[in-house]
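Protein chains: 4
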Amino acid sequence: MFTMTVVPRFGDMDMLGHINNTVPAVWFELARNPFITMFDPELRLKKETFPLIMAHTEYDFVAQLYFQHDVEIRTWVSRIGTKSFTVYHEAWQQGRLCVKGSAVMVHYDFNTEQSTPVPDGQRLLLKEHLLQAE
Amino acid sequence: MFTMTVVPRFGDMDMLGHINNTVPAVWFELARNPFITMFDPELRLKKETFPLIMAHTEYDFVAQLYFQHDVEIRTWVSRIGTKSFTVYHEAWQQGRLCVKGSAVMVHYDFNTEQSTPVPDGQRLLLKEHLLQAE
Amino acid sequence: MFTMTVVPRFGDMDMLGHINNTVPAVWFELARNPFITMFDPELRLKKETFPLIMAHTEYDFVAQLYFQHDVEIRTWVSRIGTKSFTVYHEAWQQGRLCVKGSAVMVHYDFNTEQSTPVPDGQRLLLKEHLLQAE
Amino acid sequence: MFTMTVVPRFGDMDMLGHINNTVPAVWFELARNPFITMFDPELRLKKETFPLIMAHTEYDFVAQLYFQHDVEIRTWVSRIGTKSFTVYHEAWQQGRLCVKGSAVMVHYDFNTEQSTPVPDGQRLLLKEHLLQAE
C-alpha cells in the first residue's frame, strides 16, 4: 500500500460546501506517482520511452469530502495482467471512507501506439503492493 | 442528446503531448450543465435546495486526444431510476471516439443527507434525452 | 482583438457561490491559444522548437463572476518588446468587466534556455492585435 | 512564515516537460489555507460570514519547475492595510527560487458587497507573519 495525505484547497469546494467530484480524480492521479517512478525509474519523462497510458477510471463517491480536514489516499495494485494492471484507490477523511475506485493502466509504446507486456521487473514491483497480499 | 464543443488548453496536455486523462472528466462535468438547469431551473444554486449529488463516474479512454483540434462532447441519459439517473458521455475529436463513459447522479436532499425520488417533471425532461429513444 | 466565450463549470464555483479566483487564469491561458498558433504554426508542440515561455501574470478581480452566465474573454497585445510581448485580457459577464490583467510571454529557446528576439514575422502578426491600434 | 510542501502531479506538466504556469497559482491558493483559518476560525465556510475576497494576484516565473522534485511554498504577509492585506509567496525547488508573487485579499462583507476594516484580532495575527519582521 502507498499512502499520501492531501490538503483540500478552498477552490476544491463547490457551492455545496463539499469537495467537487472532479477533485478526487486529480488526487488519485497524484497518488499514482509511485508508478511513474516504478516504470520510468530515471524520470526521463519522454514520450519515446515512457511506457504507461490510462485506459479506464471508475470512482464511487460513498461519502462527502469536506475542506476542513486532511484526506488520506491509500493505493494498492488490485490486478496484474499481461499488458496492463489495475490500481485501486481509497480516499479517507476523519476515519471515513469517502471515495474508492480503480484506474487501469496499460503498458504502452507511444512510438508504435501498441500495448506491450508488463516487464518482469515491474511485475515484481507491482506484486509487492497487491491488495490481496496485505 | 446534448452537444458542446470544448477547446483544449495548452496546459491540458501533459508531457506525452496528449490531453491528460483528468481533463475529460472536467469536460464531462461541464457537459452536464443542462442537468443543473433541469433540476434547479432558477439556478438558485443553494445547498438547501440543490437536489443532485454525484455517486459514480466511469470513463474509458479509447483513443488519445490532442491539443490541435476541438473536441465535441455528446451527452445522453442512459438510465432513469427511482432516485438516480445515469448520464452517458462521449468525447469525439476529428471523427474519432476518444473517451466514453457514465456518471450516476443521485437525487438528494442535502439537508437530510438522504436520496429522494426523481420528481415526475424532471423524469419527463430526462426521458427526452434517453439514449435508447434516439 | 481575439474573443472567445467560456461557459462556467459547476465545480468552478467555490463555496461563496462565485467563480473561484484560480479559474480566470485558466480561461486566460485558453484565450492565448491564438499565440500558440502564431508562434508554432504547424502546431508541432515540441520542446525543441516551441518558442514561448511565461514570465509574469497579473490579474485584477474587479467584480465577481458567477456560474449562471457565459463569460466573454477579450484579448489584445498590449506591448511588443525585443524578446517578449505582453498580452492583455478582460473577462466580461453580462456587460460587466469582472477580471482584467496581463501575461508577459518571452520568446525562448528551450534548448539553450535563453530568451531570443521575437522574429519579424511574428512581430507583424502581434501588431495586428495591438490594443492601441484599435 | 508559513511553509508547505507540494508534490507535482504528472498532469501538472505540460508538453514542454515543465510545470504549466497555471499550476503555481493553485499551489499558492492552497498555501493561503492558514488565512482561511485565521479569518474563519471555526471554518463555518458560509457566504454570510466568510470575510475574504481576492482582489489581485501577480506572479513572476523566474525559473522552470519540474515534475521530478517536491516544491516548497513559503508564504508571508507583506502588507497590512486598513481593509486589505497582501500575501507574498515563493515556490522553491531544489534550492532554487522558481516563482514568486503576491495576492491582495480584501476584508469583505458578501451580504453588503462592501469591503470592511480588517479586525484588530486578525491584524495582530497577520503581523506575526510580516515579511519585514523576520
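Residue numbers (the working numbering), protein chains in the order written: chain P, 971 to 1104; chain H, 971 to 1104; chain V, 971 to 1104; chain G, 971 to 1104. Ideal Cβ placement from N, Cα and C applies to all residues, glycine included. Owing to the predicted nature of the structure, the values given are computational and were not obtained by experimental measurement.
Among the candidates the options, whose CA atom is the shortest distance from the CA of residue i?
i, options, result
"P:G1071", "H:Q1102, H:V1076, H:A1025, H:F1005", "H:A1025"
"P:E999", "H:A1001, H:L1000, H:T992", "H:T992"
"P:N990", "P:N1003, P:F1009, P:G1051, P:V1069", "P:V1069"
"V:V957", "V:E1042, V:A1001, V:I1023", "The shown model of chain V, from 971 to 1104, leaves out residue 957 of chain V, and the question about it has no answer."
"P:E1083", "P:F1020, P:P994, P:G987, P:R1002", "P:F1020"
"P:A1061", "P:A1033, P:L1096, P:S1054", "P:A1033"
"V:L1100", "V:H988, V:K1053, V:V1047, V:L1015", "V:V1047"
"P:E1012", "G:V1074, G:Y1058, G:H1039", "G:H1039"
"H:G1065", "H:W997, H:E1042, H:A1001", "H:E1042"
"V:N1003", "V:E1098, V:F1031, V:M974", "V:M974"
"V:Y1078", "V:T1027, V:H988, V:F1009, V:F972", "V:F1009"
"G:S1085", "G:V996, G:L986, G:T1052", "G:T1052"
"G:P1087", "G:I1050, G:K1097, G:Y1036", "G:I1050"
"G:Y1036", "G:T1007, G:Y1029, G:L986", "G:L986"
"P:K1097", "P:T1056, P:L1067, P:Q1063, P:N1081", "P:T1056"
"H:Y1058", "H:K1016, H:A995, H:L1015, H:F1080", "H:A995"
"P:S1054", "P:A1073, P:R1044, P:V977", "P:A1073"
"V:Q1063", "V:F1005, V:P978, V:E1018", "V:P978"
"G:H988", "P:T1007, P:R1014, P:F1080", "P:R1014"
"P:L1095", "P:F1005, P:L1067, P:A1001, P:V976", "P:F1005"
"H:M971", "H:N1081, H:T1045, H:W997", "H:T1045"
"G:D1111", "G:N1081, G:L1067, G:Q1102", "Any answer about residue 1111 of chain G is impossible in this case: the structure gives chain G only from 971 up to 1104."
Which bits of chain V does residue i rub up against, with CB to CB less than 8 Å?
i, result
"G:F1037", "Going along chain V, no residue has its Cβ under 8 Å from G:F1037, so there is no contact; the nearest lies around 14 Å."
"G:E1018", "Within 8 Å Cβ-Cβ: nothing; G:E1018 doesn't reach chain V, min ~10 Å."
"G:H1026", "E1028, Y1029, D1030, F1031"
Identify the contact partners of residue i in chain V, using a Cβ-Cβ distance below 7 Å as the criterion.
i, result
"H:I1023", "Per Cβ cutoff of 7 Å: no residues; H:I1023 is ~12 Å from chain V at best."
Run through chain H and tell me which residues come within less than 8 Å of residue i, C-beta to C-beta.
i, result
"G:N990", "F980, G981"
Along chain G, in chain order, which residues have C-beta atoms closer than 7 Å to that of residue i?
i, result
"V:V1137", "Outside the shown range of chain V, which is 971 to 1104, sits residue 1137 of chain V, and nothing can be said about it."
Can you pull the DSSP bridge partners for residue i?
i, result
"H:L1100", "H:V1047"
"G:R1066", "G:Q1063"
"V:E1042", "V:T975, V:W1062"
"H:A995", "Bridge partners of H:A995: none, in fact."
"P:Q1084", "P:D1079"
"P:D1030", "P:K1070, H:H1026"
"G:F1020", "DSSP, once it has assigned bridges, lists no residue as partnering G:F1020."
"P:T1056", "P:R1049, P:V1074"
"H:I1140", "Nothing about residue 1140 of chain H can be reported from this structure: the residues present for chain H run from 971 to 1104 only."
Could you name the residues of chain G that residue i contacts, counting a contact when the two beta carbons are closer than 9 Å?
i, result
"H:D1090", "Those within 9 Å of H:D1090 in chain G number zero; the least Cβ separation is about 32 Å."
Run through chain P and tell me which residues come within less than 9 Å of residue i, C-beta to C-beta.
i, result
"H:L1094", "Simply none; closest approach about 25 Å."
Using the beta-carbon of each residue, which ones in chain V are nearer than 9 Å to residue i?
i, result
"H:L1015", "F980, M983, G987, Y1036, F1037, Q1038"
Name the chain P residues whose beta carbon is nearer than 8 Å to that of residue i?
i, result
"H:F1080", "L986"
Can we count residue i as close to the ligand GTP, meaning its CB is less than 7 Å from some heavy atom?
i, result
"V:K1017", "With respect to the ligand GTP, the structure shown offers nothing to examine, as it has no ligands at all."
With a cut-off of 8 Å, does the C-beta of residue i fall near any C-beta of chain A?
i, result
"V:R1066", "The question asks about chain A, but that chain is absent: this structure's protein chains are P, H, V and G."
**Asked** Counting pairs of Cβ atoms below 8 Å between the region 973-988 of chain V and the region 1086-1098 of chain H, do you hit three or more?
**Response** no
**Request:** For the region 1062-1075 of chain P, enumerate the residues whose C-beta is nearer than 7 Å to any C-beta of chain V, in chain order.
**Result:** none
**Members of the region 1034-1059 of chain P near chain G, C-beta cut-off 9 Å** = Y1036, F1037, Q1038
**Prompt:** Which residues, in order along the region 994-1012 of chain P, keep a beta-carbon less than 8 Å from a beta-carbon of chain G?
**Reply:** V996, E999, L1000, R1002, N1003, I1006
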